[in-house]
Amino acid sequence: MSDSLLRQLTALNQNHRLLKDAKGGYAVILERGSRLIRLVPANHTESAVWTDIHALEKGSWNVGGDRTWISPEMDFFRDASGNYDIPSQLDPGSYRFVPSGNAGIVRTRQTCVLTHWPEQSIVPLNLTKEYSLIANPFLMIDSNEHRELAQVPYIGYQCETRIEHLREAEHVSNAPLLYFNLWSILQVPPGGTVLVPVLGDSEPLVMYREHEEIRINRQNHYASFPFDGGNSFKLSYNTLQSAGRFGYYRKLSKETSSLIVRQFQVNPSALYPDYPEGKPDYTGSCMQFFYDGEKMGGFGELEYHAPSMNGNNLGVRSDHSQLYYFVGESGQIANIARHMLGLNIPR
């Protein structure tokens, strides 16, 4: 395996861990921010995730990869003057690698204290993340078609994130009732198409747009839209629309394509508290998709939210998700998308 990113991380004294599968595919997890910043199947060089090594050199938060934030964004991502601000105690935070007791699991942990600005309330948290590689789902079904698709180059991983609210019990009863939740964000290279299986109405909530037009292909059971061009935007689908799975398709060459499929848990009976700016009473936002319009480095974001806990909960909540990444002949990738997302790749 030869990867210039690994050499750069070593030169920058950035602690990292490597997970390898039996065929030579690998994932790289960075201690700073507990981000998975590389995911490459065997015999390929194209990573699933967008990464900016120069952000590490500058000490910026925007390194790329798969990260965890806390939502609602409008409640926590502010400074004392009300301006947008990414809390450095959360990202990159103070994550450290800790023993997992299993060579196939990379575990990180940090303790941080966030400010819920609308209530001027302190929220102390423990965050623990575990990354592990997972089997090709097409190996789990015994049929000729699935065995054939199992030969397409693949790598995948599971991420388990645990959030623990640390406030002392005697202080909780007098605290304002505020809600917060785990928020998973995967940064991907531009130039691809987001594929969203949708239940019921396929119309998204526009959380942000730079210009009026967003090119959304709306169908009865799915929506798709490109991450390209100079128009930044953010779209949201609520819990009743969310099937717990979405994808990202990208042409790599005339004959080769890649597909990311993310699987996560949805609970329509739970509270999802993230909201668009200016609409603090909105609830239910589950899947979100952001494109930077080539203004922050050139990337898209595939996001999902976990159900909330509130300021009176003392204890631990866990979130599990899986990510499957395939690279291969475009016809095979289209067939995988049909099986895993229930849709045809838009032409």
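Heads up: take any position in the sequence shown, counting from 1, add 8, and you land on the numbering used here.
We put the beta carbon where it would ideally sit given N, CA and C, even for glycine.
This structure is a prediction, so every number in the text was calculated from the model and none was measured.
Look at residue i and residue j and say whether their C-beta atoms are less than 8 Å apart.
i	j	result
residue 256	residue 202	yes
residue 267	residue 163	no
residue 168	residue 134	no
residue 258	residue 331	no
residue 278	residue 207	no
residue 334	residue 204	no
residue 46	residue 63	no
residue 329	residue 192	yes
residue 76	residue 137	yes
residue 33	residue 48	yes
residue 118	residue 108	no
residue 74	residue 125	no
residue 263	residue 337	yes
residue 114	residue 25	yes
residue 224	residue 231	yes
In terms of alpha-carbon separation, which member of the options lies closest to residue i?
i	options	result
residue 28	42, 51, 301	51
residue 20	61, 34, 112, 41	61
residue 95	105, 64, 41, 54	41
residue 190	22, 348, 324	324
residue 174	43, 87, 317	317
residue 274	353, 166, 315	315
residue 226	98, 22, 352	352
residue 79	328, 339, 284, 222	284
residue 304	15, 14, 11, 68	68
residue 12	23, 25, 53, 31	53
residue 100	111, 112, 116, 199	116
residue 130	260, 261, 186	186
residue 200	152, 26, 355	355
residue 287	216, 197, 276	216
residue 31	16, 22, 110, 158	158
According to DSSP, simplified to helix, strand and coil, what is residue i?
i	result
residue 41	helix
residue 339	helix
residue 22	coil
residue 304	coil
residue 189	strand
residue 61	helix
residue 325	strand
residue 172	strand
residue 13	helix
residue 219	coil
residue 153	helix
residue 85	coil
residue 260	coil
residue 235	coil
residue 212	coil
residue 30	coil
residue 243	strand
residue 347	helix
residue 137	strand
residue 205	strand
residue 331	strand
residue 147	helix
Between residue i and the rest of its own chain, which residues show a CB-CB distance below 6 Å, the 5 nearest in sequence each way excluded?
i	result
residue 296	244, 311
residue 194	74, 310
Within a Cβ cutoff of 7 Å, which residues of the same chain sit near residue i, ignoring the five residues on either side of it in sequence?
i	result
residue 299	235, 240, 241, 308
Check the C-beta distance from residue i over to residue j and give it rounded, since I have them as a contact under 8 Å.
i	j	result
residue 57	residue 44	7 Å
residue 93	residue 104	Going by Cβ atoms, the distance from residue 93 to residue 104 rounds to 24 Å, so no, they are not a contact pair.
residue 147	residue 122	Residue 147 to residue 122, Cβ: 41 Å. No contact.
residue 166	residue 209	With 8 Å as the limit, residue 166 and residue 209 do not qualify as a contact, their Cβ atoms being about 31 Å apart.
residue 81	residue 282	6 Å
Could you pull out every residue in the same chain whose Cβ sits closer than 8 Å to the Cβ of residue i, ignoring the five residues on either side in sequence?
i	result
residue 246	213, 280, 292, 293, 294
residue 301	218, 237, 238, 239, 240, 241
residue 260	54, 266, 335
Taking 7 Å as the cut-off, is the beta-carbon of residue i closer than that to any non-hydrogen atom of the ligand COA?
i	result
residue 31	With respect to small molecules bound, the structure shown includes none, and the ligand COA cannot be examined in it.
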